[in-house]
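Worksheet: one structure, shown below.
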Amino acid sequence: MNNFIEIHKSKLDHLIERFDSSFYCYDLDALGEHLKFLQDSVPEGVKLWYATKANPLSSVLKEFRRNSFGIDVSAQGEMNHALNAGFEPQNMLSTGPSKSKKYLQSLVDNKIQTVVLESVNQANWLNEIALTQNKKVDVLLRVQLPWSEGKSVLGGDEISAFGIEPNSWINSNIKELQNLNVIGFHCFQWGNILDANRLGLIWDKIASSLTQLSNDLNIDMKVLDLGGGLGLDYESHQTPLDFTEVSGQLKKVKEKYSIPEIWMELGRYAVGNFGVYCTQVIDRKNVRGKELLITDGGINHLVRPAITDQSFPCQVLKATTNEVNSFQVHGPLCTALDKLGSFELPSNTSPGDWLVFSKTMAYGFTESMPFFLCHNLPAETIIKDGQLEVLRGIETAASWLV
Ligand SMILES: Cc1ncc(COP(=O)(O)O)c(C=O)c1O
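Number 60 in the working numbering belongs to position 46 of the sequence shown; there are no gaps in the numbering.
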């Protein structure tokens, strides 16, 4: 049985009784221990940041702050929220392909330490803003490299919005922008990778290409930011990524290319394992030979299966038989996209049973499409110091519909 359910079963029972509607529950105690382990395991000269987008709940951000992570924000809302959660601007990093002049102004006004530049326009606009305030802003140049293998949510080998080619930086006026202090480079195109050797190969190619770029530009690479990309074993046949091996790969790349500092902005691997999403079975039927379960919440609360074609592990909270059957699980939306996956579940699973989807703390609620069809929003709850706390209860569509 999944560890989260085993440890927190009585708390999940309590939440079910209290809400009778779908909810998330996150174990911040386990998260805190994991973050400490990550910090203790990284080689010297590797700085860890948290990518807010994975789960922006303020109590989550505070857990990262307590564990000495910096924070990566990719939008004005994330920046405001991270500042409100107590992060110091000197521990903040701004990434993201869509930075308007207004947003860049706000980054400078709020003294955000490092801005990752994703286009030549961003470089020029930021320089103008810094000039008017007589400041010099630390920046990383984001680079998009060609690859020869496959797709990824971060672009992979496709042309994406993230950064520009090395030659575009070489042919730009970046060296003339006196109010920018280029401290290094950023490159991140591959997500959810479970093989430390593969990560090592990707990082080696990045380090080699960016060492070349730093020579071509005659800019010292003090920092190489490799983004995230560490994967989770969502499928039962997969083996979890071993962070000690990841650390070994980071150390190898750092030493081989003599890079003073490597930065990682972790999302999925930092938080993903520590939360569950719970939803009730509303109906069961057989359609053209397949057993279907229809649930209270679906991709309105947890969209990732629809956009990646990979489901989260699923269990029935209170299984009463060991006999299993194959089920397709569908949410409540009027689109065939609303499918949470196909699972082996107890054969007597029925309306009224609760399904628990684990590893859903990263790219869960805030990545989803909660407004379609005006269902309830899921509650978000935490376990901290062993105590259950409801951060936001169930909200009905009446709270946002106009
Ligand atoms: C710029 C940037 N950094 C870090 C991350 C986090 O990646 P991961 O969840 O793979 O750790 C993302 C995810 O989209 C990102 O866009």
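Ideal Cβ placement from N, Cα and C applies to all residues, glycine included.
{"Asked": "Take the Cβ of P274 as the centre, count every other Cβ of all protein chains shown within 10 Å, and call the residue buried at 16 or more, exposed below.", "Found": "exposed"}
{"Asked": "Might you give, ordered along the chain, the residues of its own chain that have their beta carbon closer than 6 Å to the beta carbon of G407, omitting 5 neighbours on each side?", "Found": "A393"}
{"Asked": "Can you tell me which of V338, K219, V267 puts its alpha carbon nearest to the alpha carbon of W13?", "Found": "Since the first residue shown for the chain is 15 and the last is 416, residue 13 is missing from the structure and cannot be characterised."}
{"Asked": "Do you know how far the Cα of Q192 is from the Cα of K149?", "Found": "10 Å"}
{"Asked": "So, at 7 Å on beta carbons, what are the nonlocal neighbours of R79 in its own chain, with the 5 sequence-adjacent residues on each side left out?", "Found": "A99, G100, F101"}
{"Asked": "Taking the alpha carbon of S72 as the reference point, which residue from Y64, H95, F83 has its own alpha carbon closest?", "Found": "H95"}
{"Asked": "Considering only heavy atoms of ligand 1 and the C-beta of each residue, which residues fall inside 5 Å, strictly closer?", "Found": "A65, T109, G205, G241, G242, G243, E279, L280, G281, R282"}
{"Asked": "Span of the alpha helix (DSSP H) holding Y283?", "Found": "282-285"}
{"Asked": "Cα separation between L215 and K266?", "Found": "11 Å"}
{"Asked": "Looking at P56: is its Cβ nearer than 8 Å to the Cβ of L49?", "Found": "At residue 56 the sequence reads Val, which differs from the Pro that was named. For V56 and L49, no; Cβs fall outside 8 Å."}
{"Asked": "With a CB to CB cut of under 8 Å and the five nearest residues on each side skipped, what residues in its chain are close to I296?", "Found": "I308, T309, D310, P346, P365"}
{"Asked": "Taking Cβ positions, are L240 and C201 nearer each other than 8 Å?", "Found": "yes"}
{"Asked": "Give the range of the alpha helix (DSSP H) segment to which Y117 is assigned.", "Found": "115-123"}
{"Asked": "Can you tell me which of the three DSSP states V74 falls into?", "Found": "helix"}
{"Asked": "Given this structure, state the Cα-to-Cα distance separating N232 from T225, to the nearest angstrom.", "Found": "10 Å"}
{"Asked": "Can you tell me whether DSSP reads H251 as helix, strand or coil?", "Found": "coil"}
{"Asked": "Would C328 be called buried (16 or more neighbouring beta carbons within 10 Å of its own) or exposed?", "Found": "buried"}
{"Asked": "Starting from N300, follow its DSSP beta bridges and name the residues at the other end.", "Found": "E305"}
{"Asked": "For Q147, which residues of its own chain have a beta-carbon under 7 Å away from its beta-carbon, when the five flanking residues on both sides are left out?", "Found": "V122"}
{"Asked": "Bridge partners of I396, per DSSP?", "Found": "Y40, E403"}
{"Asked": "Tell whether a beta-carbon distance below 8 Å holds between I417 and A137.", "Found": "Residue 417 falls outside the range modelled here, since the chain spans only 15 to 416, and no answer is possible."}
{"Asked": "Using the three-state DSSP reduction, which class does L191 fall into: helix, strand or coil?", "Found": "coil"}
{"Asked": "With a 10 Å radius around its C-beta and 16 neighbouring C-beta atoms as the bar for buried, classify A389 as buried or exposed.", "Found": "Note that residue 389 is His in the sequence shown, not Ala. Classification of H389: buried, given that the 10 Å Cβ count is 16 or more."}
{"Asked": "Is it the case that the region 107-127 contacts the region 158-173, given that we only count it when at least three CB pairs across the two stretches are under 8 Å?", "Found": "no"}
{"Asked": "Going by DSSP, which residues form a beta bridge with M106?", "Found": "I85"}
{"Asked": "Between the beta-carbon of T363 and the beta-carbon of F341, is there less than 8 Å?", "Found": "yes"}
{"Asked": "Select from N181, R212, E190, G262 the residue whose C-alpha is nearest the C-alpha of S223.", "Found": "N181"}
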